[in-house]
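Each residue of the sequence shown is one higher than the one before, counting from 1 in UniProt numbering.
Glycine included, each C-beta is placed from N, C-alpha and C at the ideal position.
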Amino acid sequence: MRVAFVGKGGSGKTTLSALFSRHLARSGAPVLAIDGDINQHLAEALGGTEEPAPPLGAHVPEIKTLLRGDNPRIPSPEAMIKTTPPGRGSRLLRPLGDDELHRRHVGRAGGVPLMVTGEFDESDLGVACYHSKLGAVELYLGHLMDGPGEYVVVDMTAGADAFASGLFTRFDLTFLVAEPTRKGVSVYRQYRDHAEQFGIRIAVIGNKVTGEDDLLFLKEQVGDDLLTHLVHSPWIRAAEQGRAGSGPDALASLEPHNRHALTVLREAVDSHPRDWDHLHRHAVEFHLRNVHAWADARTGGDLAAQVDPDYVPGGGADA
Numbered sequence: 001m002r003v004a005f006v007g008k009g010g011s012g013k014t015t016l017s018a019l020f021s022r023h024l025a026r027s028g029a030p031v032l033a034i035d036g037d038i039n040q041h042l043a044e045a046l047g048g049t050e051e052p053a054p055p056l057g058a059h060v061p062e063i064k065t066l067l068r069g070d071n072p073r074i075p076s077p078e079a080m081i082k083t084t085p086p087g088r089g090s091r092l093l094r095p096l097g098d099d100e101l102h103r104r105h106v107g108r109a110g111g112v113p114l115m116v117t118g119e120f121d122e123s124d125l126g127v128a129c130y131h132s133k134l135g136a137v138e139l140y141l142g143h144l145m146d147g148p149g150e151y152v153v154v155d156m157t158a159g160a161d162a163f164a165s166g167l168f169t170r171f172d173l174t175f176l177v178a179e180p181t182r183k184g185v186s187v188y189r190q191y192r193d194h195a196e197q198f199g200i201r202i203a204v205i206g207n208k209v210t211g212e213d214d215l216l217f218l219k220e221q222v223g224d225d226l227l228t229h230l231v232h233s234p235w236i237r238a239a240e241q242g243r244a245g246s247g248p249d250a251l252a253s254l255e256p257h258n259r260h261a262l263t264v265l266r267e268a269v270d271s272h273p274r275d276w277d278h279l280h281r282h283a284v285e286f287h288l289r290n291v292h293a294w295a296d297a298r299t300g301g302d303l304a305a306q307v308d309p310d311y312v313p314g315g316g317a318d319a
């Protein structure tokens with residue numbers, strides 16, 4: 001199951017991404033965390049990087065070569081774009097499987113397997129946008145055959161910028177982290193309005209709640225989309241200062257209310273089975289949008305032909 005954390009910058013989405021990943025790992029569930037934020041802080045939030053791995057965004061050509069496999073509709077890796085959907089012959093991956101991509105690009109932070117997109121460095125300034133790096137995550141999720149009880153947790157870019165690519169359609173559930181302020185809920189309204197157009201399932205997590213007035217404000221502004229909330233947490237502040245310990249077991253000292261909120265998040269994810277057809281329809285739709293908007297003109301090819309009408313989504317992996 002794939003989960004995204006989004007929200008206004010500073011809302012705590014990276015912290016919540018890390019807490020949820022550690023909560024899942026502590027339970028023994030297979031989990032992979034992915035840092036898809038331009039500000040790459042998920043490793044630090046997880047408790048520090050013990051085993052760093054090469055960033056996905058710096059190895060897009062190699063990733064395309066691997067995922068292309070023997071798909072006859074893709075004549076070369078250069079013909080793939082970030083939205084190219086899988087088809088018969090594509091290399092499909094199992095979560096944390098024994099394949100080249102996972103062996104090379106999965107490190108560990110705080111005891112949690114972690115992939116990183118990579119930082120926006122000097123060579124990118126003025127010549128590239130961060131979505132060129134996020135394309136690696138979009139391709140990865142598009143070729144991932146994950147199932148119930150397997151979790152991929154992605155810390156996304158802040159604000160409504162997540163809608164600048166089709167990546168936002170790759171998730172089973174999107175958690176929007178909102179502080180109890182007008183600015184905090186403004187991103188929620190943007191995300192809600194965009195998500196409704198595509199049938200994207202979202203749930204709001206109230207964060208940094210200090211009392212009943214904060215909670216009442218969120219309920220008035222968000223309504224039924226408010227799933228749960230986290231209260232002010234000395235443990236989280238200690239963790240951010242490096243004083244709470246690392247590893248999933250350190251969560252045992254998290255405040256009971258906040259530990260329960262993490263349980264509510266997992267129950268919400270588990271209660272919504274994967275709709276592979278819905279997921280694949282979105283993938284095809286956004287691929288065709290990109291084809292018509294820029295991809296055909298840039299590549300000189302007919303990239304709409306990459307869509308395999310006989311491909312059965314979720315039919316199993318060959319990895």
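Its chain contains T14, T15 and A18 as the residues whose beta carbon lies nearer than 6 angstroms to that of A45, once the 5 sequence neighbours on both sides are disregarded; these appear in chain order. When the alpha-carbon of L265 is set against those of H229, A238, E255 and M115, the nearest one is in H229.
For the options F217, G206, V222 and L227, the alpha carbon positioned closest to that of S233 is the one of G206.
Short of 6 angstroms from the beta carbon of A195, and not among the five residues preceding or following it, lie these beta carbons of its own chain, in chain order: I202.
By the C-beta criterion, the stretch 145-157 is judged to be in contact with the stretch 20-36, since at least 3 inter-stretch pairs fall below 8 angstroms.
Straight through space, the alpha carbons of I81 and P61 are spaced by roughly 10 angstroms.
In the DSSP assignment, I200 falls outside any beta strand (DSSP E), carrying neither H nor E.
When C-alpha distances from V137 are compared across V112, L93 and A178, the shortest belongs to L93. Per DSSP, A109 is one residue of the beta strand (DSSP E) stretching across G107 to A109. For A178, the enclosing beta strand (DSSP E) stretches over residues L173 to A178. Excluding the 5 residues flanking it on each side, P85 has same chain C-beta neighbours closer than 8 angstroms at G142, H280, A283, V284, H287, Q306, V307, D308 and Y311, in chain order.
For L226, the closest C-alpha among the options E179, R104, D99 and L167 is that of E179. Separation of the CB atoms of V3 and D270 is rounded to 11 angstroms, and the pair is thereby denied contact status at 8 angstroms.
When rounded, the separation of the alpha-carbon atoms in F198 and R243 is 42 angstroms. Counting along the chain, V231 sits inside the beta strand (DSSP E) bounded by residues L226 to V231. Here Q221 has V185 as same chain residues with Cβ atoms under 7 angstroms from its own Cβ, once five neighbours each way along the sequence are excluded. Inter-residue distance for A79 and G10 is about 38 angstroms (C-alpha atoms, whole angstroms).
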